[in-house]
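S.K.:
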Amino acid sequence: MQASPASAPTARPTHVRHAVLGLTFAAYMITYMDRVVISSAVPSIQMEFGFSIVTMGWILGSFRWAYSVFQIPVAWFGDRYGPRRALTAIVVWWSILTSATTMAWNAASMIAIRFLFGAGEAGAFPIATRSLSRWILPSERGFAQGVTHAGSRLGAALTPAIVGVIIAKFGWRSAFVSFGTLGLVWAAAWFWYYRDTPGEHPRTNQAERELIASSIGKRADPSQGVPWKKILSSPQMWILSLMYFCYAYPLGIYLDWFPKYLNAERGFSLEKMGFYASLPLFAAVLGDLSGGWISDIWARRSDLRTARKRVAIVGFIAAGAGMLASCLAANALVSVAWSCEAMFGLELTVGVAWAVPLDIGGDYAGSVSAVMNSFGNMGGAVATTASGYLVKYFGWPSTFFAMSAMAFIAAALFTRIDAGRRIC
277 MQASPASAPT ARPTHVRHAV LGLTFAAYMI TYMDRVVISS AVPSIQMEFG
327 FSIVTMGWIL GSFRWAYSVF QIPVAWFGDR YGPRRALTAI VVWWSILTSA
377 TTMAWNAASM IAIRFLFGAG EAGAFPIATR SLSRWILPSE RGFAQGVTHA
427 GSRLGAALTP AIVGVIIAKF GWRSAFVSFG TLGLVWAAAW FWYYRDTPGE
477 HPRTNQAERE LIASSIGKRA DPSQGVPWKK ILSSPQMWIL SLMYFCYAYP
527 LGIYLDWFPK YLNAERGFSL EKMGFYASLP LFAAVLGDLS GGWISDIWAR
577 RSDLRTARKR VAIVGFIAAG AGMLASCLAA NALVSVAWSC EAMFGLELTV
627 GVAWAVPLDI GGDYAGSVSA VMNSFGNMGG AVATTASGYL VKYFGWPSTF
677 FAMSAMAFIA AALFTRIDAG RRIC
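Just add 276 to wherever you are in the sequence shown, counting from 1, and you've got my numbering.
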């Protein structure tokens with residue numbers, strides 16, 4: 277006897293959204309690999325060109341200034357053409373510029389190339405966030421953002437050791453070409469697999485499409501454009517942006533200057549420098565995964581506002597304390613251990629921070645996150661550029677004091693953020 281429609285088994289949802297998350301994880305990983313190649317190559321570049329610590333600060337900072345300034349324009353590009361085409365285009369752009377770093381012949385040319393590289397990478401996180409807003413369920417967003425940012429920190433953690441080996445055998449230029457090629461491979465895979473909406477993807481079944489649609493709700497009408505007036509007039513948007521400025525300041529120093537610090541201040545050889553510079557970034561991976569996961573669990577048991585806020589505040593306080601302890605430690609290995617604790621605490625906050633634009637921005641999460649990331653990365657740009665001067669005139673401890681202060685300020689700012697209140 278044929279089963280009636282009511283008694284027929286319901287198809288289980290496919291898991292294309294998780295494959296999309298996996299591709300995004302790989303993209304975040306590559307972004308940080310490409311941007312921190314130069315950090316491990318700083319001693320070799322200085323040796324070849326004779327750049328001072330201040331000049332090197334401007335070279336490292338040029339990426340971050342462009343990365344900050346171009347957040348909103350490139351996010352608009354992503355909104356206009358969709359994540360599939362836009363993310364493919366910008367990954368190809370910055371991968372070519374990564375390899376082109378090898379063509380620099382003086383400080384000015386290297387600054388120009390790194391600036392153009394930063395302009396391309398500026399759209400990576402906002403456009404990727406927009407792509408996830410169409411696919412990831414609200415109950416999975418904290419974990420998803422934790423996973424993707426764990427990918428970026430994992431890439432940053434693996435890179436110093438890999439670059440150290442490449443430089444030792446083939447020279448610093450080979451490292452830039454290798455990582456640039458990796459980005460081109462990812463861009464081809466993304467364009468082949470990803471679709472801008474679940475309904476367009478040939479591998480999703482009806483159950484997964486309905487699951488996503490019922491969880492996310494109605495999409496905004498793209499013909500209406502981005503509601504910039506609502507976004508930019510929201511006090512919460514500016515508190516979120518200032519918080520992320522304070523977050524990105526210490527992160528920028530750990531990514532751009534920590535290998536140099538270990539070599540110049542703590543006496544590690546170039547070979548050991550790569551290994552020990554990676555350890556705080558491996559701790560950051562654990563922080564990324566833990567923060568988003570804990571936040572999502574907490575949200576299911578209490579409310580979104582409390583969950584996001586408390587995880588972030590605890591993380592920032594732990595980070596600020598760890599940075600002070602790292603700076604004051606007499607033993608080099610103890611200093612590295614405290615930096616691991618500091619980065620774990622700092623990265624507890626990042627999955628939460630990037631989940632907030634999804635919570636409050638809806639279908640305009642890409643634009644909201646672009647504003648947040650633009651101001652945030654001004655913090656990284658200021659940190660990277662100013663640190664050259666701080667080290668020259670006040671020594672390395674001054675950089676850690678500034679980092680710690682920023683972490684404590686970020687904790688205070690997060691007390692004012694309400695992830696349960698939409699702004700558009």
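C-beta: ideal position from N, C-alpha, C; glycine also.
Apply the 10 Å Cβ neighbour rule to A282 and answer buried if 16 or more other Cβ atoms are within range, or exposed otherwise.
M.R.: For this step, residue 282 is matched to residue 6 along the sequence shown. Low confidence applies to A282: its pLDDT is 44, below 50, so where it sits in the model is not reliable, and the reading given next is rough at best. The residue is exposed, with fewer than 16 neighbouring Cβ atoms inside 10 Å.
S.K.: Which of the three DSSP states is assigned to S510 in this structure?
M.R.: Position 234 of the sequence shown, counted from the first residue, corresponds to residue 510. Three-state result, S510: coil.
S.K.: Take Y304 and list the residues in its own chain whose beta-carbon comes closer than 6 angstroms to its own, dropping the five residues that flank it on each side.
M.R.: Here residue 304 refers to the residue found at position 28 when the sequence shown is read from its first residue. Taken in chain order, the residues that qualify are T424, G427 and S428.
S.K.: Enumerate in chain order the residues of its own chain whose CB-to-CB distance from S650 is below 7 angstroms, with the five nearest sequence positions on each side excluded.
M.R.: As a position in the sequence shown, residue 650 is number 374, starting the count at 1. Correct list, in chain order: S344, Q347 and I348.
S.K.: Roughly how far, in whole angstroms, is the beta-carbon of V313 from the beta-carbon of A437, given that I think they are within contact range, below 8 angstroms?
M.R.: Start at 1 with the first residue of the sequence shown, and residue 313 comes out as number 37. Start at 1 with the first residue of the sequence shown, and residue 437 comes out as number 161. About 12 angstroms; that fails the 8 angstroms criterion.
S.K.: Count the C-beta pairs between the stretch 622 to 637 and the stretch 564 to 577 that are closer than 8 angstroms, then say yes if the count reaches three, no if not.
M.R.: With a cut-off of 8 angstroms, the stretch 564 to 577 and the stretch 622 to 637 count as touching, because enough Cβ pairs lie within range.
S.K.: For F670, count the other beta carbons within 10 Å of its own beta carbon; 16 or more makes it buried, fewer makes it exposed. Which is it?
M.R.: In the sequence shown, counting from the first residue as 1, residue 670 sits at position 394. Per the 10 Å Cβ criterion, exposed.
S.K.: Excluding sequence positions up to five away, which residues of its chain have a Cβ less than 7 angstroms from the Cβ of M648?
M.R.: As a working mapping, residue 648 is identified with position 372 in the sequence shown. Excluding positions up to five away in sequence, the list reads L516, S517, Y520 and P633.
S.K.: Quick check on Y470: does DSSP put it in helix, strand or coil?
M.R.: For the purposes of this step, residue 470 is taken as residue 194 along the sequence shown, with counting starting at 1. If DSSP states are grouped into helix, strand and coil, Y470 belongs with coil.
S.K.: Helix or strand or just coil, what does DSSP make of W672?
M.R.: In the sequence shown, counting from the first residue as 1, residue 672 sits at position 396. Correct three-state label for W672: coil.
S.K.: Using 8 angstroms as the Cβ pair cut-off and three pairs as the minimum, do the stretch 532 to 542 and the stretch 316 to 323 touch?
M.R.: Short answer: they touch.
S.K.: How far does the alpha helix (DSSP H) with W334 in it extend, from its first residue to its last?
M.R.: Residue 334 sits at position 58 when you count from the first residue of the sequence shown. Counting along the chain, the alpha helix (DSSP H) containing W334 begins and ends at I329 to V345.
S.K.: Would you grab the beta carbon distance between A507 and S328 for me? Rounded to a whole angstrom, and I think it's under 8 angstroms.
M.R.: Here the question's residue 507 lines up with position 231 in the sequence shown. Here the question's residue 328 lines up with position 52 in the sequence shown. Residue identity check: residue 507 is Ile in the sequence provided, not Ala. No, I507 and S328 are not in contact; Cβ-Cβ is about 41 angstroms, not under 8 angstroms.
S.K.: Starting from N539, follow the alpha helix (DSSP H) in both directions and report where the run begins and ends.
M.R.: Translated into the one-based positions of the sequence shown, residue 539 becomes position 263. Segment F534 to A540, the alpha helix (DSSP H) holding N539.
S.K.: Should M549 be labelled buried (16 or more other beta-carbon atoms within 10 Å of its own) or exposed?
M.R.: For this step, residue 549 is matched to residue 273 along the sequence shown. Result: buried.
S.K.: For L299, tell me which candidate among S315, W411, P289 and A388 has the shortest Cα-Cα distance.
M.R.: For the purposes of this step, residue 299 is identified with residue 23 of the sequence shown, where counting begins at 1. With distances taken between Cα atoms, L299 lies closest to W411.
S.K.: Taking one C-beta from the stretch 599 to 609 and one from the stretch 459 to 479 each time, how about it: are there three or more such pairs within less than 8 angstroms?
M.R.: The answer is no - the stretch 459 to 479 does not touch the stretch 599 to 609, with fewer than three Cβ pairs under 8 angstroms.
S.K.: Quick check: L363 and A404, are their CB atoms within less than 8 angstroms of each other?
M.R.: The residue you call residue 363 lines up with position 87 of the sequence shown. The residue you call residue 404 lines up with position 128 of the sequence shown. The answer is yes: Cβ separation under 8 angstroms.
S.K.: Alpha carbon to alpha carbon, how far is P743 from V350?
M.R.: Past the boundaries of the shown model lies residue 743; the chain is included only from 277 to 700, so the question cannot be answered.
S.K.: Look at the alpha carbon of F391 and the alpha carbon of N653, and state the distance between them as a whole number of angstroms.
M.R.: Numbered from its first residue, the sequence shown carries residue 391 at position 115. Numbered from its first residue, the sequence shown carries residue 653 at position 377. Rounded to the nearest angstrom, the two C-alpha atoms are 14 angstroms apart.
S.K.: Please go through the same chain and pick out, in chain order, the residues whose beta-carbon is closer than 6 angstroms to the beta-carbon of S611, but skip the five residues on each side of it.
M.R.: Numbered from its first residue, the sequence shown carries residue 611 at position 335. Closer than 6 angstroms at the Cβ level, and outside the excluded window around S611, lie S602 and A605.
S.K.: Applying the criterion that 16 or more other CB atoms from any shown protein chain within 10 Å of the CB defines a buried residue, is W272 buried or exposed?
M.R.: Given a span of 277 to 700 for the chain in the structure shown, any question on residue 272 remains unanswerable.
S.K.: CA-CA distance, K585 and F690?
M.R.: For the purposes of this step, residue 585 is identified with residue 309 of the sequence shown, where counting begins at 1. For the purposes of this step, residue 690 is identified with residue 414 of the sequence shown, where counting begins at 1. Taking the straight line joining both Cα atoms gives about 6 angstroms.
S.K.: Leaving out five residues before and five after A279 in sequence, what residues of the same chain have Cβ atoms less than 8 angstroms from its Cβ?
M.R.: Taking the first residue of the sequence shown as 1, we reach residue 279 at position 3. Unreliable positioning characterises A279 in this predicted model, as indicated by a pLDDT of 44, which lies under 50. A coordinate reading is not provided.
S.K.: Scan the stretch 392 to 442 and note each continuous alpha helix (DSSP H) run of 4 residues or more that stays entirely inside, going in chain order.
M.R.: Whole alpha helix (DSSP H) segments, 4+ residues: 400 to 409.
S.K.: How is T290 classed by DSSP in three states: helix, strand or coil?
M.R.: Translated into positions along the sequence shown, residue 290 becomes position 14. Looking at T290 - three-state DSSP - the assignment turns out to be coil, as it is neither helix nor strand.
S.K.: Please report how far the alpha carbon of S409 lies from the alpha carbon of E416, in whole angstroms.
M.R.: Working through the sequence shown from its first residue, we reach residue 409 at position 133. Working through the sequence shown from its first residue, we reach residue 416 at position 140. Answer to the nearest angstrom: the Cα atoms are 11 angstroms apart.
S.K.: Could you tell me if F446 is buried or exposed, where buried requires 16 or more neighbouring beta carbons within 10 angstroms of its beta carbon?
M.R.: Along the sequence shown, one-based indexing puts residue 446 at 170. Classification for F446: exposed.
S.K.: By DSSP, does A686 sit in helix, in strand, or in coil?
M.R.: Residue 686 sits at position 410 when you count from the first residue of the sequence shown. Helix, per DSSP.
S.K.: Report, in whole angstroms, the separation of the C-beta atoms of L622 and P526, which I expect to be a contact under 8 angstroms.
M.R.: In the sequence shown, residue 622 corresponds to position 346, counting from 1. In the sequence shown, residue 526 corresponds to position 250, counting from 1. Indeed they touch by this definition, with Cβ atoms about 6 angstroms apart.
S.K.: Under three-state DSSP, which class holds N649?
M.R.: Mapped onto the sequence shown, residue 649 falls at position 373. Helix.
S.K.: Are P503 and R485 closer than 8 angstroms when you measure CB to CB?
M.R.: One-based indexing of the sequence shown puts residue 503 at position 227. One-based indexing of the sequence shown puts residue 485 at position 209. Contact: no.
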